[in-house]
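Report on the structure given below.
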Amino acid sequence: MSRDISRRSILAAFPLAALSVSALTACGGGTSSASGGPSSPVSQADIDSAMKKDTKLTFWTWVPDIQKEVDLFQAKYPAMKVEVVNVGQGGAHYQKLRAAIQAGKGAPDVVQMEFDKLPSFTLTDNLLDLTPYGIGDLKPDYPGWVWDGVTPGGKGIFGVPQDTGPMGMLYREDLFTAAGITAPKTWDEFAAAVSTYRGKNSSSMLVNWAPSSEANMLGLFWQAGGRPFSYDGTRNVKINLTGDAACKKVTSFWNDLFRSRNIGNEPDFADAWYQGLNNGKYAAWLTGAWGPVFLQGTAKSTAGKWRAAPLPQWDSSKPASGNYGGSTDAVLKSSENPIAAAMLARFVNTDDKAALTLANEQFLFPPSTKTLKNPAFADAAASFYGGQKVNQQFTDIASTVQEGFQFLPFNDYAASSYDKTMGKAIGDRSDLNAALSAWQDDLVQYAKGQGFTVAS
Amino acid sequence: MTATVADRLAAGSQTTAPPRRKRSGRSTLLTVVMLLCLVYFLLPIFWLIVASTKANEDLFNSFGLWFSNMNLAQNLNNVFTFQNGVFIHWMVNSLIYAVVSGLGASALATAAGYAFAKYRFPGGNAMFTVVLGAVMIPMTALAIPTYLLFAGANLTNTPWAVILPSLVSPFGVYLMRVYAADAVPDSLIEAARVDGASEMRIFFQIVLRLLVPGSITVLLFALVASWNNYFLPLIMLNSPELFPLPVGLAQWQAASAAGSGSQALFSTVITGSLVSVLPLMAAFLFLQRYWQSGLGTGAVKA
Amino acid sequence: MAAYALSMPFMVAFALMIAVPLVYAGYLSLFKKQLIGGVSFVGMDNYARALTDPSFLGGVGRMALFLVIQVPVMLGLSLLFALILDSGMLRLQKFIRLGVFLPYAIPSVIATLMWGYLYGKDFGPFAQLAKSLGLPAPDFLAGGNVLFSIMNIVTWGFVGYNMIVMYAALRSIPAELYEAARVDGAGEWRVAWSIKIPAIKGALLLTTIFSVIGSFQLFNEPNLLRVIAPAAIGQDYTPNMYAFQLSFVNQDANYAAAIAFLLGIVIMAVSYGVQLTTNRKEKAS
């Protein structure tokens with residue numbers, strides 16, 4: 189509230205800006221608005237009448253061709269008119285969202301939001317709790333760790349899962365065979381495979397690990413049982429990278445690999461990296477379940493040579509994985525049509541046909557058990573992977589992802605802090621263990637500066 | 023209109039240009055050295071042309087500075103049809119933003135520059151100093167305040183959010199002040215006043231035509247600045263149909279690195295880049311003499 | 073009255089588009105906003121914090137280094153080319169002039185994209201050439217080299233522009249100024265050094281000051297190169313990138329505003345310094 193007052197008073201000092209003043213005061217400001225949805229359940233009658241009323245919704249998303257699912261929605265609810273806008277991928281998307289929220293206008297009704305970003309927007313109270321809109325009845329359809337992702341801090345349901353990225357390993361079977369190795373089952377085997385492979389190849393490495401890889405690294409922490417962060421929804425955060433045995437174990441493991449110079453440290457998703465996957469510079473890629481199709485589109489010349497396998501394990505008697513990437517669709521608290529917005533978020537991701545289209549035509553890895561088990565999805569054989577049922581492989585992996593992982597409510601900062609500590613060490617092949625401490629310290633300092641009570 | 027401007031400019035440069043100097047003899051050696059330097063300046067452009075003819079895979083598998091399999095037609099097709107042909111929107115937007123901003127900035131700067139040069143008025147110098155000082159503060163960090171103000175006036179995500187800020191060219195005012203001080207003789211203004219002409223009439227009917235070469239300089243500056251503008255439209259615009267070329271291309275480039283739902287569009291981005299620099303390069307080629315005289319004016323008198 | 077009427081349209085636009093956001097930002101810079109706890113007035117604290125902030129100071133230092141190396145190289149080349157053009161000793165004069173100027177037509181976003189490919193360690197043409205000659209591929213994007221790689225992009229884009237400005241200034245020197253020197257047997261270089269260069273001091277000062285401003289405000293090139301060199305280019309690589317990062321990632325627009333104002337002051341001081349040195353030199357000579 190105080191920010192609105194101050195904004196008003198400064199503008200009032202400038203007659204020239206009178207135009208803006210009226211507009212700004214009229215709109216109230218997004219972050220501290222007291223309105224924003226009922227706390228008791230919305231009745232089916234309310235929903236029915238809302239869905240019959242002519243309504244215009246704005247939906248920010250970068251999923252290619254999501255118009256397909258939106259069309260299904262509009263066909264079912266002819267009164268709905270949805271404008272799909274791709275404002276930019278990744279960083280630009282969230283920057284624009286924040287700017288619009290801060291300005292109190294121009295924000296969409298429904299927004300694509302990655303799992304790791306959700307808590308930063310619930311922290312600022314910008315997302316609508318979907319509990320009253322009946323989204324809670326979807327819970328049984330999802331593995332526990334997916335549901336964790338849309339209920340940060342356990343304070344409500346703030347999104348409908350759209351896709352996930354349980355981590356596995358994609359690898360070139362031909363290159364592995366030529367080097368005399370098989371897909372490593374444990375991390376020890378993996379480390380051995382890295383050096384064996386390197387010993388037989390002067391211009392190829394088993395794997396690349398990028399410097400700007402916070403989300404990817406958190407997936408490995410997750411797999412190892414690391415739970416470095418938590419947030420209780422009020423002012424308490426836990427930041428415990430250096431005290432968490434699993435995080436330390438993973439960091440030290442990769443530190444040795446980087447120091448050995450037997451793995452790559454190239455930026456990912458850049459032209460040279462794409463090409464490295466395409467021409468055999470890298471024989472494997474540890475990635476999320478969205479990876480297989482992605483690879484298929486970018487490394488065409490290697491079709492048929494790839495295979496998918498689970499991540500190497502720390503304890504092969506208890507197979508585990510972590511999640512890397514994936515999104516939800518969330519509803520902004522500022523939406524004037526919360527019922528319709530909630531229904532849109534729900535429909536595009538959970539309607540049988542829409543969900544299957546997302547999975548089979550847009551190749552988002554489905555979060556819901558229902559779609560995962562649908563033979564139209566699970567039984568698809570991928571020729572790029574030598575006829576392997578890759579979807580089935582990743583479905584199996586998804587069932588090994590453990591619950592309880594949380595992200596910080598300032599993950600943007602955590603990622604940029606990772607870049608300047610861990611990422612820098614990866615790029616320079618310097619001490620990754622020291623970098624983990626530096627990351628920890630930087631995060632603690634930031635959190636304290638922002639007024640959080642920090643536990644470790 | 024362009025014809026008259028052209029004539030005036032040509033006439034202007036003839037009267038002010040120094041008499042042709044004696045040539046001290048052409049040097050082949052110097053020419054060869056300069057041509058070698060030219061390789062440096064043209065190499066990236068040559069690369070862009072070559073790369074535009076390649077498919078995604080060939081971008082990496084063939085030598086970067088020579089042609090491989092010709093895929094230009096397919097690339098162009100991709101550029102103009104991807105996302106329902108949004109690229110054409112971007113081109114039109116860039117053109118509109120640049121032309122409107124250029125003309126507007128030039129008009130505002132011409133009037134203000136003349137006023138600062140030829141009138142002593144209370145606050146005049148202070149205003150001019152503030153205008154110049156403002157150039158020193160980077161606009162990046164003002165993005166949020168500016169965005170909030172524009173949002174308050176309902177201007178974000180409209181073409182105005184890009185055009186209005188581009189109308190303000192402090193550098194243009196500076197150039198026009200310097201230019202007007204020299205190009206408009208005080209005696210001319212005095213004579214007109216004696217004849218009973220109003221100040222406005224003096225400006226519009228007598229002074230303005232003397233200022234045209236300077237105004238064109240500012241126009242060209244503002245045009246190029248607006249054509250190249252990336253940061254402001256990036257912040258202000260959400261709808262891809264409103265993007266200018268640099269923002270749109272950067273978004274396509276970013277689409278290659280978005281994790282789930284990524285698409286590798288390298289050849290499309292490269293070909294799109296080539297298409298988008300062609301108009302300005304063509305303008306440079308065909309409007310050489312305006313650049314020449316135009317860009318010079320400010321600096322000459324500074 | 074006419075003076076106000078004529079300057080009014082610009083001043084109104086200036087006030088709305090620049091002055092108001094500036095004042096607003098200045099006001100914001102006096103506050104602190106925390107994710108938990110909201111907004112509080114902190115006076116000059118943000119400024120004090122910036123003065124000991126290694127990210128800000130590091131960025132300013134890096135830009136100072138950039139300035140000290142890149143600006144003289146760029147303007148030196150521009151001046152040299154302008155003098156050569158003006159000497160009338162070139163064949164293909166028009167072609168060469170246009171060729172050097174052409175990069176100015178390319179938006180920095182696209183220029184950076186192009187150079188990014190050219191710099192590539194695996195697939196860039198320089199790397200390809202080096203490999204075919206059996207040499208190690210140069211790593212233009214390594215930590216120690218990347219600043220120079222950025223300098224190169226900026227130099228490439230602006231040598232031609234500055235050259236044209238200087239060339240135009242040279243062309244306006246009255247010929248009689250140096251005809252006499254020529255008659256006395258002074259060579260082209262001698263004439264250039266003792267007559268032409270002093271005569272275009274105004275243009276040189278102008279291009280220098282604008283290069284200074286441009287250097288300190290560097291943003292697009294490093295920001296886009298970061299995608300392919302994230303370990304070498306931090307998000308606080310330049311003060312402008314840092315301010316952007318503070319605004320949009322750290323959610324600290326207040327501190328970002330303070331950084332922007334401090335940077336503005338640094339730029340003013342350096343520009344003023346440049347002007348002073350030229351004036352002093354003028355007096356001395």
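Protein chains in written order, with the numbering used here: chain A, 189 to 644; chain B, 23 to 324; chain C, 73 to 357.
From the three backbone atoms N, C-alpha and C, an ideal C-beta is built for every residue, glycine too.
Neighbour-count burial assignment, residue i, 16 or more Cβ in a 10 Å radius
i: R199 (chain B); result: buried
i: P208 (chain C); result: exposed
i: I110 (chain B); result: exposed
i: F68 (chain B); result: exposed
i: K541 (chain A); result: exposed
i: V395 (chain A); result: buried
i: I451 (chain A); result: buried
i: S282 (chain B); result: Bear in mind that the predicted position of S282 (chain B) carries a pLDDT of just 47, short of 50, making it too unreliable to give a figure here.
i: A477 (chain A); result: buried
i: Y344 (chain C); result: exposed
i: K105 (chain C); result: buried
i: D567 (chain A); result: exposed
i: K488 (chain A); result: exposed
i: S515 (chain A); result: buried
i: L532 (chain A); result: buried
i: G257 (chain C); result: exposed
Under 7 Å between C-beta atoms of residue i and residue j
i: I585 (chain A); j: G337 (chain A); result: no
i: N326 (chain C); j: F103 (chain C); result: yes
i: W494 (chain A); j: Y573 (chain A); result: yes
i: D517 (chain A); j: Q350 (chain A); result: yes
i: L285 (chain A); j: A528 (chain A); result: no
i: I156 (chain C); j: A183 (chain C); result: no
i: A530 (chain A); j: L318 (chain A); result: yes
Contact set between residue i and chain C, taken where Cβ atoms lie within less than 8 Å
i: Q463 (chain A); result: D194, F195
i: I614 (chain A); result: A303
Bounding residues of the alpha helix (DSSP H) (the contiguous stretch that carries residue i)
i: D208 (chain B); result: 208-216
i: W410 (chain A); result: 402-411
i: S298 (chain B); result: 288-308
i: G514 (chain A); result: Unbroken run through G514 (chain A) is the beta strand (DSSP E), 511-519; no alpha helix (DSSP H).
i: P294 (chain C); result: 292-297
Residues that residue i contacts on chain B, provided the C-beta gap is smaller than 7 Å
i: L292 (chain C); result: Sequence inspection shows Asn at residue 292 (chain C); the Leu mentioned does not correspond to that position. The answer, in chain order, is Y252.
i: V645 (chain A); result: The question about residue 645 (chain A) has no answer here: the residues shown for chain A are numbered 189 through 644.
Limits of the unbroken beta strand (DSSP E) element including residue i
i: E302 (chain A); result: 298-302
i: D351 (chain A); result: 348-354
i: V642 (chain A); result: 641-643
i: S112 (chain C); result: 110-113
Within chain B, partners of residue i - CB distance below 9 Å
i: Q290 (chain A); result: I166, Y169, L170, A173
Partners in chain A for residue i, counting only beta-carbon separations shorter than 7 Å
i: G109 (chain C); result: G639
i: V321 (chain C); result: D600, Y601, S604
i: V255 (chain C); result: The contacting residues do not exist; V255 (chain C) stays about 60 Å from chain A at best.
Chain C contact residues for residue i, given Cβ-Cβ distances below 7 Å
i: M113 (chain B); result: Going along chain C, no residue has its Cβ under 7 Å from M113 (chain B), so there is no contact; the nearest lies around 13 Å.
i: F666 (chain A); result: The requested residue 666 (chain A) does not occur in the structure, where chain A is confined to residues 189 to 644.
i: S400 (chain A); result: P302
Contact set between residue i and chain A, taken where Cβ atoms lie within less than 9 Å
i: T178 (chain B); result: A287, A288, A291, K293, G294
i: Y189 (chain C); result: D459
i: Q307 (chain C); result: S604, D607, K608
Chain-ordered chain C contacts of residue i [CB-CB under 9 Å]
i: E221 (chain B); result: M73, A74, A75, A77, L78
Which runs of the beta strand (DSSP E) at least 3 residues long sit entirely within the region 555-625 of chain A? Give them in chain order.
None, since the region 555-625 of chain A contains no complete beta strand (DSSP E) of that length.
request  = Quick one: which unbroken beta strand (DSSP E) runs of 3-plus residues sit fully inside the region 231-285 of chain A? Chain order, please.
outcome  = Runs found: 243-248, 268-273.
* alpha helix (DSSP H) runs contained entirely in the region 302-342 of chain A, provided each spans 4 or more residues -> Secondary structure in the region 302-342 of chain A: the alpha helix (DSSP H) runs of 4 residues or longer, each lying completely within the stretch, are 306-311, 332-338 in chain order.
Which full runs of the alpha helix (DSSP H) of 4+ residues lie inside the region 79-141 of chain B, going along the chain?
Qualifying alpha helix (DSSP H) stretches, in chain order: 94-140.
Uninterrupted beta strand (DSSP E) stretches inside the region 533-558 of chain A (no shorter than 3 residues): Fully enclosed beta strand (DSSP E) runs of 3 or longer: not present.
Quick check on the DSSP output: what are the complete alpha helix (DSSP H) runs of length 4 or more inside the region 222-290 of chain B, in order along the chain?
Listed in chain order, the complete alpha helix (DSSP H) runs (minimum 4 residues) inside the region 222-290 of chain B are 230-250, 253-258, 267-276.
In chain order, what are the residue ranges of uninterrupted alpha helix (DSSP H) at least 4 long that sit wholly in the region 156-193 of chain B? DSSP runs (the alpha helix (DSSP H)) wholly in the region 156-193 of chain B: 165-174, 182-188.
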